[in-house]
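Just so we're aligned: 862 in this note's numbering is position 50 of the sequence shown, and the numbers increase by one with no gaps anywhere.
Please read the structure below before turning to the comments.
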Amino acid sequence: MQLARRLLKKGCFSESDLPRVEEAIANSGGRPPHEVILEKGFAKEAELLQALSEEFGLELVDLTDRAIPENVLQSIPAKVVHRRQLVPLEKSGNNLTVATGNPYDLYSLDELHTLTGFHIHPVLASTREILRLIKNHFGVGGETLSALVRDKGDEEVELLEGLEADDSEAAKMAQEASVVKLVNEILIEAANERASDIHIECEEHGLKIRYRIDGMLQSQNFPPEISRFQSAIISRLKIMARLNIAEKRLPQDGRIKMRVQGREIDVRVSIIPMVHGEGICMRLLDKGRMVFDLPSVGMLPDTYKVFKQIIDRPHGIVLVTGPTGSGKSTTLYSALNEIKDDTTKIITVEDPVEYQQPGISQIQTHAKIGLTFAAALRSILRHDPDVVLIGEMRDLETSESAIQASLTGHMVFSTLHTNDAASAFTRLIDMGIEPFLVSSTVEGVLAQRLVRKICQDCLVDYEPDSKDVPPDFPGAGGRIILKKGAGCRACRQTGYRGRLGIFELLVASDPLRDLIIARENSMRIREVAMKEGMMTLRQDGWRKVIAGLTSLDEVNRVTAGDVVH
813 MQLARRLLKK GCFSESDLPR VEEAIANSGG RPPHEVILEK GFAKEAELLQ ALSEEFGLEL
873 VDLTDRAIPE NVLQSIPAKV VHRRQLVPLE KSGNNLTVAT GNPYDLYSLD ELHTLTGFHI
933 HPVLASTREI LRLIKNHFGV GGETLSALVR DKGDEEVELL EGLEADDSEA AKMAQEASVV
993 KLVNEILIEA ANERASDIHI ECEEHGLKIR YRIDGMLQSQ NFPPEISRFQ SAIISRLKIM
1053 ARLNIAEKRL PQDGRIKMRV QGREIDVRVS IIPMVHGEGI CMRLLDKGRM VFDLPSVGML
1113 PDTYKVFKQI IDRPHGIVLV TGPTGSGKST TLYSALNEIK DDTTKIITVE DPVEYQQPGI
1173 SQIQTHAKIG LTFAAALRSI LRHDPDVVLI GEMRDLETSE SAIQASLTGH MVFSTLHTND
1233 AASAFTRLID MGIEPFLVSS TVEGVLAQRL VRKICQDCLV DYEPDSKDVP PDFPGAGGRI
1293 ILKKGAGCRA CRQTGYRGRL GIFELLVASD PLRDLIIARE NSMRIREVAM KEGMMTLRQD
1353 GWRKVIAGLT SLDEVNRVTA GDVVH
């Protein structure tokens, strides 16, 4: 209780909160007091660490940018590092400095002294930072590979569908507890790091695992021993995705429904045979973290106002364009949520249905039995919808069906793979749609990209070098003060955390419709649209740089081919 009273004196909570704090500690079943206080939200981690440092007389160290020599890392057995969450920092003669996040655990320090023979000098550090260092230096899953894991029930992966496995040797290996635990750790780590994809690649010298975080691939540190479990890991993932584990020559696609730490996550699994083994790509769809709201995806008020006017129209076609992974589906779901109410019937045809939305009727295409976009669209028009979403206009038949739907009084939403908004019109004409039909039905086109957001925890002002400022940036040539992320533990030292959209909204006006009928090229359509006030992707990006939401480098990276006149 001394820790609670010390925090009270520091003003972390009020006198009236003290009985609740002490009761929580008393009823914790012997857990360390600081863990209980942090879990219940009575104090912040920084305040707790400072109080613990004073309580135990331990030096408080920051491990954010700490580099540890290889010979120091090897001074403690890996099993103790994982089991006791102790990290060696420095070695001098017979003295070993060790970081701990739990100063109450004296037994672990005594055990370490007995195992190594070193005189142990403990220092205090954030448990999160210690775990990060363990993953960086000893690898994710190292604990499992050494078969010395502690049971952490709250971190297990719970599968939401039953598994089916045969009696083959591969299936038996994949179902071993250590393999199951190892695959679970890979999935848990990806979910905790906000990864959108997991890439498991078989190379000549072993297994390589990378996570895509905020759109960028990042290699993950795993112990080299993981390569010995290569076939078992792949077999386990196949069983989880209800795929044929004996088939190693053909591509396979499956899906895993699971719950990680209370969050439901859908995983789309794609397996392709490659030279050194099967490569796996898993797309993680974290339902708990998705917010389908137009302002939340990065749409500024002026763009939102015009876009809202378009999607509120009773009929026509609204297209969202951009490359794969540019957030088109999220924008469309957000638009549907914007117009959804009890008076509107909304039906979607998707391949696949990524997020199930209440109040919206969703259809999954099934090409093998003939349920294509076009076939589904013909049928759902007999279901009296007001709004229809078609996952993608990928062929002439689908596009013609969408045109007919809009001409018969329906609002149609869909996506196209084009680089900018103006190219959507020429793409539809190239597919074989008559220009007068494109002109009379398409109400607006929204092109978009995703840029990484500056981490709000380490946001700082800086003055960019004049040579790094593009000539089309507002105020280029003068003194500019912008924002950037300095790098912190929350953003893994990248300076970025999360993503937002940059948008180019083209509204079909009468002059533009005349150009479409005349089969003018996309450059001409773009030129006229800009004269009418259309803001390009790059210009919208610059607005978000000025607002401190993203950086010059990010906008430059995703709009390198965007020509601004």
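Just so it is clear, CB atoms sit at the ideal spot from N, CA and C, and this is done for glycine as well.
(request) Measure the C-alpha to C-alpha separation of Ala959 and Val991 and round it to an integer number of angstroms. (result) Confidence is the limiting factor: at Ala959 the pLDDT is only 47, short of 50, which leaves the residue's position unreliable and the question unanswerable from this model.
(message) Tell me which residues share the same chain as Pro845 and place their Cβ nearer than 6 Å to its Cβ, disregarding the 5 neighbours each side in the sequence.
(response) Same-chain partners within the cutoff: Leu815 and Ile837.
(request) Can you give me the start and stop residues for the beta strand (DSSP E) that Gly1066 sits inside? (result) In this chain, the beta strand (DSSP E) harbouring Gly1066 covers Gln1064 to Val1072.
(request) Take every Cβ of the segment 1086-1105, pair it with every Cβ of the segment 1136-1155, and state whether three or more of those distances are shorter than 8 Å. (result) With the cut-off at 8 Å, the segment 1086-1105 and the segment 1136-1155 touch.
(message) Quick check on this structure: which residue in Ser1146, Glu867 and Lys1295 has the alpha carbon closest to the alpha carbon of Phe1225?
(response) Restricting attention to Ser1146, Glu867 and Lys1295, the CA atom closest to the CA of Phe1225 is found in Ser1146.
(request) Could you check what DSSP says for Ile1159 in three-state terms: helix, strand or coil? (result) DSSP, reduced to helix, strand and coil, places Ile1159 within a strand of the structure shown.
(request) Return the chain-ordered list of same chain residues with a C-beta closer than 6 Å to the C-beta of Ile1175, the five sequence neighbours on each side being excluded. (result) Cβ neighbours of Ile1175 beyond the five flanking positions: Val1161 and Ala1188.
(request) Quick one: residues in its chain with C-beta nearer than 6 Å to the C-beta of Thr1115, no 5 flanking neighbours on either side, listed in chain order? (result) Answer for Thr1115: Phe1315 and Leu1317, listed in chain order.
(request) Measure the CB-CB distance between Arg1311 and Arg1264 and report whether it falls below 8 Å. (result) In this structure, Arg1264 lies closer than 8 Å to Arg1311 by Cβ.
(message) Tell me the residue span of the alpha helix (DSSP H) that contains Gly1091.
(response) Note, Gly1091: premise wrong, no alpha helix (DSSP H); beta strand (DSSP E) at Gly1089 to Asp1098.
(request) Please check the pair Gln1042 and Leu1062, which I expect to be a contact at CB under 8 Å, by giving their CB distance rounded to whole angstroms. (result) Actually they do not touch by this definition, with Cβ atoms about 19 Å apart.
(message) Quick test of your reading: Ser1008 and Arg1024, contact by CB under 8 Å. State the CB separation rounded to the nearest angstrom.
(response) Contact flag correct, Cβ pair sits at about 5 Å.
(request) Could you round the C-beta distance between Pro934 and Val899 to whole angstroms and report it? I think they count as a contact, below 8 Å. (result) No, Pro934 and Val899 are not in contact; Cβ-Cβ is about 11 Å, not under 8 Å.
(message) Mapping the DSSP letters down to three states, classify Val1281 as helix, strand or coil.
(response) Coil at Val1281, not helix or strand.
(message) Can you tell me whether Thr1142 is helix, strand or coil according to DSSP?
(response) Note: Thr1142 maps to helix in three-state DSSP.
(request) Kindly identify the DSSP beta-bridge partner or partners of Thr909. (result) According to DSSP, which records beta bridges pairwise, Thr909 is partnered with Glu902 and His933.
(request) Would you mind stating whether Ile1068 and Ala1053 have Cβ atoms separated by less than 8 Å? (result) Yes, these two residues count as a Cβ contact at 8 Å.
(message) For the pair the segment 1089-1100 and the segment 1179-1195, tell me if three or more CB-CB distances fall below 8 Å.
(response) Two segments are said to touch when three or more pairs of C-beta atoms, one from each, lie closer than 8 Å; by this definition the segment 1089-1100 does not touch the segment 1179-1195.
(message) Assuming contact is defined by CB atoms lying nearer than 8 Å, are Pro1197 and Ile1158 in contact in what I supplied?
(response) Yes; because the gap between Cβ atoms is below 8 Å, this pair is in contact.
(request) Could you spell out where the beta strand (DSSP E) holding His1011 opens and where it closes? (result) His1011 -> beta strand (DSSP E) spans Ala1007 to Glu1015.
(message) Could you pull the DSSP bridge partners for Pro1085 from this structure?
(response) Paired residue(s): Glu1090.
(request) Measure the alpha-carbon distance for Ser1047 versus Glu1059 and round it to whole angstroms. (result) One C-alpha to the other measures close to 10 Å.
(request) Identify which residue in Val884, Leu901 and Val1200 has its Cα closest to the Cα of Ser1173. (result) Residue Val1200 is the option with its Cα nearest to Ser1173.
(request) Reducing DSSP to helix, strand and coil, say where Lys1295 ends up. (result) Of the three classes helix, strand and coil, the one that applies to Lys1295 here is strand, per DSSP.
(request) Give every residue of the same chain whose Cβ lies closer than 7 Å to the Cβ of Gly1100, excluding the five residues on either side of it in the sequence, and list them in chain order. (result) Counting only Cβ-Cβ distances below 7 Å, and skipping sequence neighbours, we find Arg1075 and Glu1076.
(message) Please state whether the Cβ-Cβ distance between Cys1303 and Asp1269 is less than 8 Å.
(response) Yes, these two residues count as a Cβ contact at 8 Å.
(request) Return the first residue and the last residue of the alpha helix (DSSP H) that Gly991 is part of. (result) The displayed chain sequence assigns Val, not Gly, to residue 991. It spans Ala989 to Asn1004 - the alpha helix (DSSP H) in which Val991 sits, taken as one unbroken run.
(message) Check for me: the beta strand (DSSP E) holding Ala1259 runs from which residue to which?
(response) Start and end: Val1254 to Ile1266.
(request) Go ahead and label Phe1244 buried or exposed: buried means 16 or more other beta carbons lie within 10 angstroms of its beta carbon, across all protein chains shown. (result) It is worth fixing the name first, because residue 1244 is Gly in this sequence and not Phe. So Gly1244 ends up on the exposed side.
(message) Output needed for Ile996: all residues of its chain with C-beta closer than 6 Å, excluding positions within five of it in sequence on either side, in chain order.
(response) In the sequence as displayed, the identity of residue 996 is Asn instead of Ile. Once the five neighbours on either side are set aside, the close Cβ partners of Asn996 are Val969.
(request) Give a yes or no on whether the C-beta atoms belonging to Leu901 and Ile880 are separated by under 8 Å. (result) Annotated as proximal: Leu901 and Ile880, with beta-carbon spacing under 8 Å.
(request) Could you say if the segment 1119-1136 and the segment 1244-1259 meet the contact criterion of at least three C-beta pairs nearer than 8 Å? (result) The answer is yes - the segment 1244-1259 touches the segment 1119-1136, with three or more Cβ pairs under 8 Å.
(request) State yes or no: is the C-beta of Val1319 within less than 8 Å of the C-beta of Leu1327? (result) No.
(request) In angstroms with no decimal places, state the Cα-to-Cα distance between Gly1221 and Ala1214. (result) Approximately 11 Å, taken between the alpha carbons.
(request) Please work out which residues of its chain come closer than 6 Å, Cβ to Cβ, to Lys1295, disregarding the five sequence neighbours upstream and downstream, and give them in chain order. (result) These residues qualify, in order along the chain: Ile1266, Leu1271 and Gly1360.
(request) In the DSSP assignment, find the alpha helix (DSSP H) that holds Phe1315 and state where it starts and stops. (result) Segment Tyr1308 to Val1319 is the beta strand (DSSP E) holding Phe1315; no alpha helix (DSSP H) there.
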